[in-house]
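Participant: The structure under discussion is supplied below as structure tokens; questions concerning it will follow.
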Amino acid sequence: MPSKKKSLCLGLALALMVAPAAMAAQNGFSNHDAKDPIQFSADRLEVKKEGQVASFIGKVEAVQGDMTLLGDEVRVYYQDNPAGAGQAKSGLTGSVTRLDSRGNVRITSRGDTAEGDWAVYDIGRQLVTMGGRVVLRQGDSVVRGSRLEINLDSGKARFQGLPDLAGEQRVRGEFTPATGNKPATTPKQDR
Numbered sequence: 016m017p018s019k020k021k022s023l024c025l026g027l028a029l030a031l032m033v034a035p036a037a038m039a040a041q042n043g044f045s046n047h048d049a050k051d052p053i054q055f056s057a058d059r060l061e062v063k064k065e066g067q068v069a070s071f072i073g074k075v076e077a078v079q080g081d082m083t084l085l086g087d088e089v090r091v092y093y094q095d096n097p098a099g100a101g102q103a104k105s106g107l108t109g110s111v112t113r114l115d116s117r118g119n120v121r122i123t124s125r126g127d128t129a130e131g132d133w134a135v136y137d138i139g140r141q142l143v144t145m146g147g148r149v150v151l152r153q154g155d156s157v158v159r160g161s162r163l164e165i166n167l168d169s170g171k172a173r174f175q176g177l178p179d180l181a182g183e184q185r186v187r188g189e190f191t192p193a194t195g196n197k198p199a200t201t202p203k204q205d206r
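Rendered as structure tokens:
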């Protein structure tokens, strides 16, 4: 293989290894404030006081700060909160600890989007886990897999692959290279 082709292949391989890390480190899901209130809307609400679960059903939208979660159904798990006595009429008398979503799940934050069949948002750990056929989009870049974990504090994302025809678990992605950028230069140092 001529050296020009070798350099091109090596450069492409390095770009493909670095791109997922860059996508995870600089995404719209980082620096999320899990202390922001969560606002819900849905076609219907069912509350089970015994299990401390509220089920929002039908075209559910949950918004917390810059992050929006959409799904067919979202179950909200909460724990006792003595200060929430004023909310007793609705049956929701605690702090939200977890959201379980299923059916057409879509999470967006600052222009980035993650879609899957289901998602679990562990609020205390600031961790979103998605599963099924998962697609993460950031600009023109797309990554696909079967399971995605996003740390909302750091923005770090971790993927597991989809089975291919040989039965291997493979993560698939497409990254668009920057165009029109000048090559990076090294700043001159004072001597």
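Going by the numbering used here, the first residue of the sequence shown is number 16, and it counts up by one from there. Glycine is no exception: its CB is placed at the ideal position from the N, C-alpha and C atoms. Remember, it's a predicted structure, so these values are computed and weren't measured experimentally.
(1) Measure how close the beta-carbons of Met111 and Val91 come, nearest whole angstrom, since I'm counting them as under 8 Å.
(2) Can you say whether Ser116 is buried or exposed, counting buried as having 16 or more other CB atoms within 10 angstroms of its CB?
(3) Cα separation between Ala57 and Thr194?
(4) How big is the Cα-Cα spacing for Lys64 and Ser70?
(5) So, with DSSP's three-state summary, where would you put Ser156?
(6) Just how far apart, CA to CA, sit Leu151 and Glu164?
(7) Does Leu180 pass the burial test, meaning 16 or more other C-beta atoms within 10 Å, or should it be called exposed?
(8) Considering Phe190, what are the terminal residues of the beta strand (DSSP E) in which it resides?
(9) So, helix, strand or coil for Phe174, using DSSP?
(10) Counting only runs that start and end within the stretch 47-135, where is the alpha helix (DSSP H) found for 4 or more residues in a row?
Facilitator: Looking at the coordinates:
(1) In the sequence as displayed, the identity of residue 111 is Val instead of Met. Their Cβ separation, rounded to whole angstroms, is 6 Å, which keeps Val111 and Val91 in contact under 8 Å.
(2) buried
(3) 42 Å
(4) 11 Å
(5) strand
(6) 11 Å
(7) exposed
(8) From DSSP, Phe190 is part of no beta strand (DSSP E); its letter is neither H nor E.
(9) strand
(10) none
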